[in-house]
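Protein chains in written order, with this note's numbering: chain A, 92 to 429; chain B, 92 to 429. Some notes on the structure that comes next.
Number of protein chains: 2
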Amino acid sequence: MVNSRPSRPPTIYDVARTAGVSKSLVSLVLRGSPSVSEARRTAVLEAVEQLGYRPSQAAATLAGATTRTIGVVIDDFRNLWFVSLLQGLQEGLAPHGFRIAVSDHTMNAHVEAGPLDGFLAMRVDGLVIATEPTPAMRVPVGLPVVVAGSRLGVVLGADVVADDDRLGGRLATEHLLELGHRRLGHLTGDGGAARLRAEGFRDAVRARGLRAPEVRGAGRTTEEDGYRAARRLLDEAPATTAVFAANDTMAMGALAAARERGLRVPEDLSVIGYDDSPIAATHLLQLTTVDGRNAEVGAAAAERLVRRVTTTADEPVRTALLTPRLMPRSSCAGPRDG
Amino acid sequence: MVNSRPSRPPTIYDVARTAGVSKSLVSLVLRGSPSVSEARRTAVLEAVEQLGYRPSQAAATLAGATTRTIGVVIDDFRNLWFVSLLQGLQEGLAPHGFRIAVSDHTMNAHVEAGPLDGFLAMRVDGLVIATEPTPAMRVPVGLPVVVAGSRLGVVLGADVVADDDRLGGRLATEHLLELGHRRLGHLTGDGGAARLRAEGFRDAVRARGLRAPEVRGAGRTTEEDGYRAARRLLDEAPATTAVFAANDTMAMGALAAARERGLRVPEDLSVIGYDDSPIAATHLLQLTTVDGRNAEVGAAAAERLVRRVTTTADEPVRTALLTPRLMPRSSCAGPRDG
DNA sequence: TACGCTTATTGGAGCGCTCCAAAAAGTGAC
DNA sequence: GTCACTTTTTGGAGCGCTCCAATAAGCGTA
């Protein structure tokens, strides 16, 4: 008979006892205090190892320690734009000993009362909101929050780090214009970022004295939306030679629509996306896109968060707008006949 | 001057005071006890609302409550196979009041000492390991653990829920054979799932008395690996008419290689993937693939976990193998000339 | 009005830590 | 050996909750 009673995990007292020291000393060792003799330190560490001791995050938090955890709210795991954001965050936070807890907003929608409740209950030290902020996202005063990636939808007292979507939209559009395209279209959606990118598109098109259609799918910015929007665009304006999609996922849908029409990319139709997500860099797509600097956005968010968490000073709220960058790949070229 | 001192969050005592009741009563209300008078209940809830009170997860956990949280270890956010797994888990867990905490294994590799330490420190009620388990994943006795998606790499005392990768590999291969292909190849990688799928491939090929090459990229199963492996395959066996890739991501690379060689899919080359990940269902790929039943795997994992967490009985370790299913789409067809 | 019984409410103990002030152990100069 | 320090180690208080036993309140009924 194996004793498999879920024997509750060992505590700091257990470690103290087997190491022959006081619980306080164990605590000091675990938190890396310099004023502990080498002998005791090793004794404690051995006891830890032997017992398989893992400090209770709960007890530590309760006892006033900070959780050293930053909550990150993502909108949807399926759209990969957040990957480099997360990476930038991670890299900016790790050196300061902060860990990240990720939560998918749409997925947890039914579980919690509010989208932030889980994180608030676990007393995260800070929050990164990488979605369109909703009014339900009420944040307690004093909790450092950074809205990353979106600059619309205000969260009171939150810093904002985002790339300049409007500029990015202009960049993408100007790239198409410079290649010689005059009949272009934009595939857009309902989100804030999409709106700004559409504005950039409009800016660039108007600056050339052109008019160009903006089409949407079902309002979201999925592959399906991109596909539908592109079909509609190609129906209504068959002479179109270039398409700017609000993000890479939509661009993927546009590529599908183009193929369906027998249009080669980029020979017959140029397609440009936005986000420089992992799928854009694949051999299959080689999608020209706009790098929204998500890694840098993440790094900047990390930096802001660390500053706010570690300093007591009352820093003013800041908005940082990073400059997007064109990522030319193989999905854009000049139009067949100028 | 606004008082923006990070005033620490209100406690249960604050709520009790403003509601004019005892802290215990507040606790009862919050945990939905039936034996609380309506008057007090509303008084408490109003106080909660007014103060913006959020119970401290840490204190609750420490005081003996369970965390109602299941930790999920994912290998890499970029490979989307886990999405439906997560969804299945979520749906199975939510009705029982469990929440999910996700962590990306490769991303957190540098942060924590062990891959599970974060979860252990937060005292999760159970664990889902959706990666190849590594020896470093030592799990405390009594903690319910389910290894999901992979059946190799044993974690002591853990249940296993996975699809039958070997059978799936056979299914995929037989599909190609039935379509009439005789010159086929397999793109594989180093992981355990890949190994099993390769075995299935071998089984099916041998059963027909054929021989067929298995190629790998750099050992992983990324798009890049798929691309490189496919190129190599097409170099070495240019007459190949069908390719079975170890997963959808690799299949995507194979599609790229095919296009580069001027091979149309499926007319000149059939490509089948594995996982039925979100990218397979896109309009652009319409990839024939094998559904690894990840949603069901997730659901089954949830069910096992809930059972183990809520019953004290000492259930024996179980391995459940779900039957994979072919998902025919448009990337496979018969060979041009039989 | 008092009695038992059920239902609603309360205070106290304790979960496993951190933090702090205080005690113990070293260390060197006299 | 003593004294004044410095370095290392310790016990106690308390974080915000849950759980439990105990009390208070309500409610019929004798």
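Quick reminder that beta carbons are idealized off the backbone N, C-alpha and C, glycines included.
9 angstroms Cβ cut-off: residues of chain B touching Y318 of chain A: Those are T373, H374, L375, listed as they occur along chain B.
Assuming L278 of chain B and A330 of chain B form a contact by the criterion Cβ under 8 angstroms, report the distance between their Cβ atoms to the nearest whole angstrom. Under the criterion of beta carbons closer than 8 angstroms, L278 of chain B and A330 of chain B do not qualify as touching, at roughly 17 angstroms.
Opposite M418 of chain A in the DSSP bridges: which residues? Answer is A:T380.
Residue range of the alpha helix (DSSP H) that includes I103 of chain A: Judged by DSSP secondary structure, I103 of chain A falls within the alpha helix (DSSP H) whose first and last residues are 103 to 110.
Assigned secondary structure, H187 of chain B (DSSP; H/G/I helix, E/B strand, else coil): H187 of chain B falls in the helix class under three-state DSSP.
If you follow the beta strand (DSSP E) that R307 of chain B is in, where does it begin and where does it stop? Counting along the chain, the beta strand (DSSP E) containing R307 of chain B begins and ends at 305 to 307.
Taking Cβ positions only, does A212 of chain B come closer than 7 angstroms to chain A? Chain A contact via Cβ: present.
Mind checking who G162 of chain A pairs with in its DSSP beta bridge? Here G162 of chain A is bridged, per DSSP, to A:A192, A:L218.
Can you give me the C-alpha to C-alpha distance between L184 of chain B and L207 of chain A, rounded to a whole angstrom? Roughly 19 angstroms between the two C-alpha positions.
Given a cut-off of 7 angstroms on the beta-carbon distance, is the pair G205 of chain B and A239 of chain B in contact? The Cβ atoms of G205 of chain B and A239 of chain B lie no closer than 7 angstroms to each other.
What's the gap between the Cα of R242 of chain A and the Cα of A345 of chain A? Rounded to the nearest whole angstrom, the CA to CA distance from R242 of chain A to A345 of chain A is 26 angstroms.
Which word fits R96 of chain A, buried or exposed, when buried means at least 16 other C-beta atoms lie within 10 angstroms of its C-beta? Caution is warranted here: a pLDDT of 43 is assigned to R96 of chain A, below 50, making its placement in the model unreliable, and no coordinate value can be reported.
Confirm, please, whether the CB-CB distance from D339 of chain A to D366 of chain A is below 7 angstroms. Yes; because the gap between Cβ atoms is below 7 angstroms, this pair is in contact.
Whole-angstrom Cβ separation of R214 of chain A and A149 of chain B, contact assumed at under 8 angstroms? Taking the Cβ atoms as the reference, R214 of chain A lies roughly 6 angstroms from A149 of chain B, within the contact range of under 8 angstroms.
Against chain A, with Cβ distances strictly below 7 angstroms, would F292 of chain B count as a contact? It does not; no Cβ of chain A falls within 7 angstroms.
Please say whether P231 of chain A and L396 of chain A have beta carbons closer to each other than 7 angstroms? Contact: no.
By alpha-carbon positions, which one of B:R288, B:Q377, B:A110, B:A392 ends up nearest to V135 of chain B? Cα-wise, what sits closest to V135 of chain B is B:A110.
Can you give the Cα-Cα distance for V306 of chain B and G425 of chain B, rounded to whole angstroms? Rounded to the nearest angstrom, the gap between the Cα atoms of V306 of chain B and G425 of chain B is 22 angstroms.
Compare the C-beta of M418 of chain A with all C-beta atoms of chain B and state if any pair is closer than 7 angstroms. Answer no: the Cβ-Cβ gap between M418 of chain A and chain B never drops below 7 angstroms.
Straight-line Cα distance separating S113 of chain B from Y104 of chain B: Distance from the CA of Y104 of chain B to the CA of S113 of chain B, rounded to the nearest whole angstrom, comes to 8 angstroms.
For T76 of chain B, return the contacting residues in chain A, with the cut-off set at a CB-CB distance below 7 angstroms. Not covered by the structure: residue 76 of chain B. The range shown for chain B is 92 to 429.
Using a beta-carbon distance cut-off of less than 7 angstroms, what residues from the stretch 142 to 155 of chain A approach chain B? Cβ contacts with chain B: G143, R145, P146, S147, Q148, A149, A150, T152, L153.
Quick one: measure Cβ to Cβ for V237 of chain B and D250 of chain B, integer angstroms, because I've assumed they're closer than 8 angstroms. Contact holds; Cβ gap of about 5 angstroms.
Report whether the distance from the Cβ of A110 of chain A to the nearest heavy atom of the ligand ADP is below 6 angstroms. The ligand ADP is not among the ligands present in this structure, which contains no ligands whatsoever.
Residues in its own chain within less than 8 angstroms of A328 of chain A by CB, not counting five upstream and five downstream? Non-local C-beta neighbours of A328 of chain A in its own chain, meaning closer than 8 angstroms and more than five positions away in sequence, comprise R274, G276, P304, ordered along the chain.
For A320 of chain B, tell me which candidate among B:P146, B:M341, B:F292, B:S421 has the shortest Cα-Cα distance. Residue B:M341 is the option with its Cα nearest to A320 of chain B.
7 angstroms Cβ cutoff met for L378 of chain A and A386 of chain A: Cβ atoms of L378 of chain A and A386 of chain A: not closer than 7 angstroms.
Compute the Euclidean distance between the alpha carbons of V252 of chain A and T264 of chain A, then round it to the nearest angstrom. Approximately 23 angstroms, taken between the alpha carbons.
Output, in chain order, the set of chain B residues within a Cβ distance shorter than 9 angstroms of A347 of chain A. For A347 of chain A, the residues of chain B that pass the 9 angstroms Cβ criterion are T373, H374, L375, L376, Q377, in the order they occur in the chain.
Under 9 angstroms Cβ-Cβ, which residues of chain A neighbour P224 of chain B? Contact of P224 of chain B with chain A by beta-carbon distance below 9 angstroms is absent, the smallest such distance being about 17 angstroms.
On the criterion of 16 or more Cβ atoms from any shown chain inside 10 Å, does A309 of chain B qualify as buried, or is it exposed? Around the C-beta of A309 of chain B, fewer than 16 other C-beta atoms lie within 10 Å, and the residue is accordingly described as exposed.
Can you tell which of B:G209, B:P100, B:L413, B:T133 has its C-alpha closest to the C-alpha of R257 of chain B? Nearest to R257 of chain B by C-alpha distance, out of B:G209, B:P100, B:L413, B:T133, is B:L413.
Taking just the CA atoms, how far does S361 of chain A sit from L270 of chain A? Here the alpha carbon of L270 of chain A sits roughly 10 angstroms from the alpha carbon of S361 of chain A.
What would DSSP say about L268 of chain A, mapped onto helix, strand or coil? Helix at L268 of chain A.
For V193 of chain A, which residues in chain B fall below 7 angstroms Cβ to Cβ? Contact annotation for V193 of chain A against chain B: V193 [CB-CB distance below 7 angstroms, chain order].
Please state the DSSP three-state secondary structure of L354 of chain A. Correct three-state label for L354 of chain A: coil.
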